[in-house]
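There are 4 protein chains.
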Amino acid sequence: MDLNQLKKQLRDFAEQRDWQGFHAPKNLVMAMNVEVAELMEHFQWLTEEQSEKLDAKTFDEVQYEVADVFIYLVRLADRLGVDLDAVVEEKIKRNAAKYPVDKCQGSAAKYTEYE
Amino acid sequence: MDLNQLKKQLRDFAEQRDWQGFHAPKNLVMAMNVEVAELMEHFQWLTEEQSEKLDAKTFDEVQYEVADVFIYLVRLADRLGVDLDAVVEEKIKRNAAKYPVDKCQGSAAKYTEYE
Amino acid sequence: MDLNQLKKQLRDFAEQRDWQGFHAPKNLVMAMNVEVAELMEHFQWLTEEQSEKLDAKTFDEVQYEVADVFIYLVRLADRLGVDLDAVVEEKIKRNAAKYPVDKCQGSAAKYTEYE
Amino acid sequence: MDLNQLKKQLRDFAEQRDWQGFHAPKNLVMAMNVEVAELMEHFQWLTEEQSEKLDAKTFDEVQYEVADVFIYLVRLADRLGVDLDAVVEEKIKRNAAKYPVDKCQGSAAKYTEYE
Numbered sequence: 002m003d004l005n006q007l008k009k010q011l012r013d014f015a016e017q018r019d020w021q022g023f024h025a026p027k028n029l030v031m032a033m034n035v036e037v038a039e040l041m042e043h044f045q046w047l048t049e050e051q052s053e054k055l056d057a058k059t060f061d062e063v064q065y066e067v068a069d070v071f072i073y074l075v076r077l078a079d080r081l082g083v084d085l086d087a088v089v090e091e092k093i094k095r096n097a098a099k100y101p102v103d104k105c106q107g108s109a110a111k112y113t114e115y116e
Numbered sequence: 002m003d004l005n006q007l008k009k010q011l012r013d014f015a016e017q018r019d020w021q022g023f024h025a026p027k028n029l030v031m032a033m034n035v036e037v038a039e040l041m042e043h044f045q046w047l048t049e050e051q052s053e054k055l056d057a058k059t060f061d062e063v064q065y066e067v068a069d070v071f072i073y074l075v076r077l078a079d080r081l082g083v084d085l086d087a088v089v090e091e092k093i094k095r096n097a098a099k100y101p102v103d104k105c106q107g108s109a110a111k112y113t114e115y116e
Numbered sequence: 002m003d004l005n006q007l008k009k010q011l012r013d014f015a016e017q018r019d020w021q022g023f024h025a026p027k028n029l030v031m032a033m034n035v036e037v038a039e040l041m042e043h044f045q046w047l048t049e050e051q052s053e054k055l056d057a058k059t060f061d062e063v064q065y066e067v068a069d070v071f072i073y074l075v076r077l078a079d080r081l082g083v084d085l086d087a088v089v090e091e092k093i094k095r096n097a098a099k100y101p102v103d104k105c106q107g108s109a110a111k112y113t114e115y116e
Numbered sequence: 002m003d004l005n006q007l008k009k010q011l012r013d014f015a016e017q018r019d020w021q022g023f024h025a026p027k028n029l030v031m032a033m034n035v036e037v038a039e040l041m042e043h044f045q046w047l048t049e050e051q052s053e054k055l056d057a058k059t060f061d062e063v064q065y066e067v068a069d070v071f072i073y074l075v076r077l078a079d080r081l082g083v084d085l086d087a088v089v090e091e092k093i094k095r096n097a098a099k100y101p102v103d104k105c106q107g108s109a110a111k112y113t114e115y116e
């Protein structure tokens, strides 16, 4: 996926509809949060095990909720001027330093401790 | 960005730390939602105008919160088996059909109506 | 608890600090959502069983997060002019009609179906 | 409003439907968060000013979303064993100490600083 191309595509989409005024970063964050909640609603009464193997209908709905979150996130990054490739790469490096393999072996306690 | 490579990188990261047990889709959705809220916290007392031009310190924090959401979203897509490229492309097509340019010109009312 | 007295107390608290400007309903909803996420963060890596019996330290933190959500919710209701006693009573009636006892016996499927 | 009576009423409602299994605190927090997002959705494209004066239809929907959040919060407090009256009173005291009137006069900067 070419994120810069996607950013441009979503920007054009909004501009063609004169939606720039609605798309202040504050509003986009809210809208993204709402989409995440719509995604989460599918999981709230499932056990963790059930969440691993969704039925076909739920999976289909879930995958488009995932897409909605992705689209808002890329749109938001564009409006904020965030370089997604760069910050994701940097953040993964920071996480690797923060959670050293030998100190984080499968322990919820340590996982939380290191978070 | 190569999303499939990123998926694999995040999967390796979790497996090396034995975190698969924590990373049930249900839990990952919750964790992603928490990251979105941490991002949103930066915007809650700002006006929409202020959210357009963050100061340098806030921008730096915001961009890594954006990265956190992105990382959890890609990790979740991997655990669910969602093909991000495909669903995002399909969802953009559906949005274009749902929000025709000539019917959605800059009107909050119509924007909402069509959502 | 006297909710009207609590509303007044929180209103005075905000007015004494000149926070009315920040406390637009839009902003209060965001702030409440952030508090809910802080509460949720305590639960994201716990199993459902673990979430039933929190350790003392977690319980103490959790109860004050619950209080934060409650306070924002009452403050929001005041700013919106929502009569909490009346809408809660009415909503419970509606739920009773929506989820008849004999059709909702312990089935996640039916629970979801009726939601 | 008598919160203890409401707790009991909601507990009876859940038990009559055999929903205790679904109502692990982890799940209730998720469900409450979803309700907060449904509430937030009404505000995401409004300006702060617009959020002060909702039209009648939006207000009616909003007030029942507020009720949904309230109901889940009281249900969650009951499942966790949180004494709402006590923690809300204590939290307000703590907030008064944390945000002294003379240091928090209407400044977003100071507001954030003290948060």
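Chains A, B, C and D, in that order, give the protein sequences. For our numbering, add 1 to where a residue sits in the first sequence, where the first one is 1. For our numbering, add 1 to where a residue sits in the second sequence, where the first one is 1. For our numbering, add 1 to where a residue sits in the third sequence, where the first one is 1. For our numbering, add 1 to where a residue sits in the fourth sequence, where the first one is 1. For every residue, glycine included, the Cβ atom is placed at its ideal position computed from N, Cα and C.
- Listed along the chain, the chain D residues whose CB falls inside 8 angstroms of the CB of ALA25(C) are GLU49, GLU50, SER52, GLU53.
- Taken in chain order, the whole alpha helix (DSSP H) runs of length 4 or more contained in the region 3-85 of chain C are 4-17, 26-42, 49-53, 57-81.
- Under a criterion of Cβ atoms nearer than 7 angstroms, the residues of chain D adjacent to ASP69(C) are, in order, LYS92.
- With a threshold of 9 angstroms between beta carbons, ALA78(C) makes contact with chain D.
- Residues of chain B whose Cβ lies closer than 7 angstroms to the Cβ of ASN34(D) are, in chain order, ASN34.
- Note that the region 23-43 of chain D touches the region 29-49 of chain C; at least 3 beta-carbon pairs, one per stretch, sit closer than 8 angstroms.
- As the crow flies, the alpha-carbon of ARG76(C) is around 44 angstroms from that of MET2(A).
- Here ASN28(C) is not near TRP20(B), since their CB atoms are 9 angstroms or more apart.
- Excluding sequence positions up to five before and after LEU81(C), its CB lies within less than 7 angstroms of the CB of PRO26, all in the same chain and listed in chain order.
- LEU74(D) is positioned such that its CB atom lies closer than 9 angstroms to that of VAL70(C).
- Burial of ALA78(C) is indicated by the presence of at least 16 other C-beta atoms within 10 angstroms of its C-beta.
- Rounded to whole angstroms, the Cβ separation of VAL89(D) and ILE72(C) is 6 angstroms, and the two are in contact under 8 angstroms.
- With a threshold of 16 other beta carbon atoms within 10 Å, ARG95(D) falls short and is exposed.
- Its chain contains LEU85 as the residues whose beta carbon lies nearer than 6 angstroms to that of LEU4(B), once the 5 sequence neighbours on both sides are disregarded; these appear in chain order.
- Contact with chain B is absent for PHE14(C), since none of that chain's Cβ atoms lies less than 9 angstroms from the residue's Cβ.
- When rounded, the separation of the alpha-carbon atoms in LYS99(A) and ALA68(C) is 32 angstroms.
- For VAL37(C), the number of other beta carbons within 10 angstroms of its own is at least 16, and it is reported as buried.
- Distances from the alpha-carbon of GLN64(B) to those of GLU91(A), LEU7(A), VAL102(A), ARG18(A) put GLU91(A) closest.
- Under a criterion of Cβ atoms nearer than 8 angstroms, the residues of chain B adjacent to ALA38(A) are, in order, ASN34.
- Across the structure, GLN6(A) and ALA87(A) are spaced so that their CA atoms are roughly 16 angstroms apart.
- GLN17(B) and PHE23(B) have their C-alpha atoms spaced approximately 13 angstroms apart.
- With contacts defined as CB atoms closer than 9 angstroms, THR48(C) and GLU49(A) qualify as a contacting pair.
- For PHE60(A), the nearest beta carbon of chain D is not closer than 9 angstroms to its own beta carbon.
- ALA98(B) has a beta carbon lying at 9 angstroms or more from every beta carbon in chain A.
- Among the CB atoms of chain A, one or more fall inside 9 angstroms of the CB of ASP84(B).
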